[in-house]
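The sequence shown maps to residues 8 to 253 in our numbering.
First up is the structure itself, then whatever we jot down about it.
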Amino acid sequence: MKVFEKRTLTLFAICIGYFGCTMIFAAIQASTSIANPQETIFSLMLKGGPVMIPLGICSLIALAVAIERWITLSPKKIAPKNFFLNITENGKDKDLSSILLKCSKSKTTIAQIVQSGLSKWQKTNDRDLAEKIIEDNASRFVYKYKRSLRPLLHIGAISPLLGLLGTIIGMINAFQNVASVEQYGKAARLASGIYEAMVTTATGLIVAIPVLIVYYYLADRMDKCSDKIEDECNAFLDEFIHVTKK
């Protein structure tokens, strides 16, 4: 149930961001249709200037990375429920070699971490060293997966700046156009230029906000998975070593 809720929250965050994007552009289209019935979202996006191209690319990359990371970082692939019950056959199998063999066949992250700790304990019979190996590998796991989330963080930081750059370029063009015309109609032309220039700022924020929401959610999930792996592995070591010493 918890896995389902986490997946739902992640998808919900993505959907909220892009639903907000749709709503904002729909509002823009509705407002522009009053002044110019031929104005569409696509034409307004084109008026945003060349900066809209990298913003569009950023949004597509962010969506692809978010979906791929959400699938890859699924709890079932990292630390599936009842993992230790499965590898010990509900506590019946206490043979270390058998457990190591089952871990080697599993493609989950927790299996790799457990295998490294049990292998070290099998060689050295040092419980503290085995625990340290597990903690170190869990930390490396978190670092590795958080590193894979960096594209989301970078896009979340760059998108508003690209939007601001587009707005500044649009403002420069607007004032330049106003300066080249006569007094009559300057205010209307300036307002129109500013209106179009603000499109890039809105787009940059629309891209950045949902991307950052997804990034911090997935990063938090990784921290929780790491804590879960360490706690469950240590509890398993305590029980397993206690049983094997009898």
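Idealized CB from N, CA, C, for every residue including glycine.
Report buried or exposed for residue i, applying the criterion of at least 16 other Cβ atoms within 10 angstroms of its Cβ.
{"i": "Ile140", "result": "buried"}
{"i": "Ser66", "result": "buried"}
{"i": "Asn144", "result": "buried"}
{"i": "Ala164", "result": "exposed"}
{"i": "Tyr152", "result": "buried"}
{"i": "Pro57", "result": "exposed"}
{"i": "Arg154", "result": "exposed"}
{"i": "Tyr150", "result": "exposed"}
{"i": "Ser166", "result": "buried"}
{"i": "Leu156", "result": "buried"}
Starting from residue i, trace the alpha helix (DSSP H) in both directions and tell me its first and last residue.
{"i": "Pro57", "result": "No alpha helix (DSSP H) holds Pro57; DSSP gives it neither H nor E."}
{"i": "Asn180", "result": "Arg157 to Ala186"}
{"i": "Ala118", "result": "Thr116 to Thr131"}
{"i": "Ser111", "result": "Leu103 to Lys112"}
{"i": "Leu3", "result": "With the chain covering 8 to 253 only, the question about residue 3 has no answer from this structure."}
{"i": "Asn89", "result": "Neither: Asn89 is in no alpha helix (DSSP H) and is coded neither H nor E."}
Taking the C-alpha atoms as reference points, what is the distance between residue i and residue j?
{"i": "Thr207", "j": "Leu136", "result": "55 Å"}
{"i": "Asn241", "j": "Ile220", "result": "32 Å"}
{"i": "Ser334", "j": "Ala209", "result": "Limits of the chain in this structure are 8 at one end and 253 at the other, which puts residue 334 out of reach."}
{"i": "Ile78", "j": "Leu225", "result": "11 Å"}
{"i": "Ser104", "j": "Leu92", "result": "16 Å"}
{"i": "Asn89", "j": "Asp230", "result": "20 Å"}
{"i": "Leu107", "j": "Asp234", "result": "22 Å"}
{"i": "Arg264", "j": "Gly173", "result": "As shown, the chain starts at 8 and ends at 253. That puts residue 264 outside it, with no answer to give."}
{"i": "Ile216", "j": "Ala86", "result": "29 Å"}
{"i": "Thr170", "j": "Asn184", "result": "Reading the sequence as shown, one finds Gly at residue 170 and not Thr. If you take the alpha carbons of Gly170 and Asn184, they lie about 21 Å apart."}
{"i": "Ile213", "j": "Ile64", "result": "13 Å"}
{"i": "Pro61", "j": "Tyr222", "result": "20 Å"}
Which same chain residues end up closer than 6 Å to residue i when comparing Cβ atoms and leaving out the 5 residues on each side of it in sequence?
{"i": "Met178", "result": "Ala204"}
{"i": "Val218", "result": "Ala69, Leu159, Ile162 and Gly163"}
Got a sec? Which residues, its chain only, sit under 8 Å from residue i by beta carbon, not counting five neighbours each side?
{"i": "Glu142", "result": "Glu237"}
{"i": "Lys114", "result": "Lys84"}
{"i": "Asp133", "result": "Lys127"}
{"i": "Glu239", "result": "Ala86, Phe90, Phe91 and Ile117"}
{"i": "Ile120", "result": "Ile141, Asn144, Ala145, Phe148, Ile236 and Cys240"}
{"i": "Gln122", "result": "Leu107, Cys110 and Ser111"}
{"i": "Thr131", "result": "Ala137"}
{"i": "Phe243", "result": "Phe91 and Val121"}
For residue i, I'd like the list of residues in its chain whose CB is within less than 7 Å of its CB, leaving aside the five on either flank, ordered along the chain.
{"i": "Ala181", "result": "Leu197, Gly200, Ile201 and Ala204"}
{"i": "Lys72", "result": "According to the sequence shown, residue 72 is Val rather than Lys. Pro158 and Leu159."}
{"i": "Lys109", "result": "Ile94"}
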